[in-house]
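Under my numbering, the sequence shown is numbered contiguously, ending at residue 211.
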Amino acid sequence: MARAAASAEIERLIQLLARLPGLGPRSARRAALHLVKKKEQLLAPLAAALTEAHDRIVTCETCGNIDTVSPCTLCRDQSRDRTLICVVEEVGDLWALERAHVLNGLYHVLGGTLSPLDGVGPEDLSIAKLIERAGAPEVKEVLLALNATVEGQSTAHYLTDQLVGCNVAISRLAHGVPIGGELDYLDEGTLVAAVKARKTM
Ligand code: ZN
Numbered sequence: 011m012a013r014a015a016a017s018a019e020i021e022r023l024i025q026l027l028a029r030l031p032g033l034g035p036r037s038a039r040r041a042a043l044h045l046v047k048k049k050e051q052l053l054a055p056l057a058a059a060l061t062e063a064h065d066r067i068v069t070c071e072t073c074g075n076i077d078t079v080s081p082c083t084l085c086r087d088q089s090r091d092r093t094l095i096c097v098v099e100e101v102g103d104l105w106a107l108e109r110a111h112v113l114n115g116l117y118h119v120l121g122g123t124l125s126p127l128d129g130v131g132p133e134d135l136s137i138a139k140l141i142e143r144a145g146a147p148e149v150k151e152v153l154l155a156l157n158a159t160v161e162g163q164s165t166a167h168y169l170t171d172q173l174v175g176c177n178v179a180i181s182r183l184a185h186g187v188p189i190g191g192e193l194d195y196l197d198e199g200t201l202v203a204a205v206k207a208r209k210t211m
């Protein structure tokens, strides 16, 4: 009986791991086995880190980044350029741009792209908040750093129309970003080039 109970626990671990992006059932099984083998070195600190993340992580009320404080560390950082807001689809894109050290402005996470077929409309994304932020007198430029996918580009066009009333320059990433390209998968050199050569919409 003890054996069956242990195996059910591990099976549950495998099933949860298999729900992570990029992990299928096979790699989830390998990861679970590795975690169980490295119980003290890996499983225990991972469990503690997951609990701490669960307890402390919040979404920034201003930009949509995730952090342990809201407004987040980036929004609070007074050394950042408050004239520029860089709009991204997901937090992973924000992190990719931060890793590339190419921008020193603020960010705005939309939370996805417009997708009428999937029932995602403007009210499902953080668009009203973006328009409000872009209307602040200190903001001079909004950089639409959306993925080079059909949804990303149609969302960029929609945002451009919505931002017309705000007194800001609107720019987009240069076409160093391959068609269909997602920012999180680009190397840092490509990202830096795409930001530096950004174009006015
Ligand atoms: Zn923030």
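Cβ coordinates follow ideal geometry from the N, Cα and C atoms, glycine included. Source: prediction; values computed, not measured.
For residue i, name the three-state secondary structure that DSSP assigns.
i: Lys150; result: coil
i: Lys48; result: coil
i: Val202; result: helix
i: Met11; result: Note that Met11 scores 42 on pLDDT, short of 50, meaning its location in the model is unreliable; the coordinates nonetheless yield the value given after this. Coil.
i: Arg95; result: First, the amino acid is wrong: residue 95 is Ile here, not Arg. Correct three-state label for Ile95: strand.
i: Asp194; result: helix
i: Asp77; result: strand
i: Ala138; result: helix
i: Leu116; result: strand
i: Thr69; result: strand
i: Cys85; result: helix
i: Val160; result: helix
i: Leu30; result: coil
i: Leu56; result: helix
Exposed or buried, residue i, counting other C-beta atoms within 10 Å across all chains shown (16 or more means buried)?
i: Leu60; result: exposed
i: Asp91; result: exposed
i: Tyr117; result: buried
i: Leu201; result: buried
i: Val152; result: buried
i: Ala42; result: buried
i: Leu45; result: buried
i: Leu127; result: exposed
i: Val205; result: buried
Can you name the residues that DSSP bridges to residue i?
i: Val101; result: None; Val101 has no bridge partner.
i: Ser37; result: In the DSSP output, where bridge partners are listed per residue, Ser37 has none listed.
i: Lys182; result: For clarity, residue 182 is Arg in the given sequence; the question names Lys instead. The partner list for Arg182 (beta bridge, DSSP) reads Leu154 and Lys209.
i: Val130; result: Ser125
Taking just the CA atoms, how far does residue j sit from residue i?
i: Val98; j: Ser17; result: 42 Å
i: Lys150; j: Pro35; result: 48 Å
i: Ala155; j: Leu30; result: 25 Å
i: Leu33; j: Ala146; result: 42 Å
i: Ile95; j: Cys73; result: 9 Å
i: Thr112; j: Asn177; result: Going by the sequence as given, residue 112 is Val instead of Thr. C-alpha separation (whole angstroms): 24 Å.
i: Gly102; j: Ile180; result: 22 Å
i: Arg40; j: Pro55; result: 18 Å
i: Ala110; j: Asp87; result: 18 Å
i: Gln163; j: Ala203; result: 19 Å
i: Val130; j: Leu52; result: 39 Å
i: Ala63; j: Asn75; result: 14 Å
i: Leu216; j: Ile141; result: With the chain represented from 11 up to 211, any question about residue 216 goes unanswered, as that position is not in the structure.
i: Leu27; j: Asp194; result: 21 Å
i: Gln25; j: Ala38; result: 7 Å
i: Glu21; j: Lys47; result: 15 Å
i: Leu23; j: Lys49; result: 13 Å
i: Thr159; j: Glu71; result: 27 Å
On the premise that residue j lies in contact with residue i, defined as a C-beta separation below 8 Å, what is that separation, rounded to the nearest angstrom?
i: Asn157; j: Glu192; result: 5 Å
i: Glu100; j: Val119; result: 7 Å
i: Leu173; j: Ala144; result: 6 Å
i: Ala166; j: Ala184; result: Ala166 to Ala184, Cβ: 13 Å. No contact.
i: Ile67; j: Thr83; result: At roughly 12 Å, the Cβ-Cβ gap does not stay under 8 Å, so Ile67 and Thr83 are not in contact.
i: Lys209; j: Arg182; result: 6 Å
i: Leu196; j: Ala106; result: 7 Å
Any heavy atom of the ligand HEM closer than 8 Å to the CB of residue i?
i: Cys96; result: The ligand content of the structure shown is limited to the ligand ZN, which means the ligand HEM is not among them.
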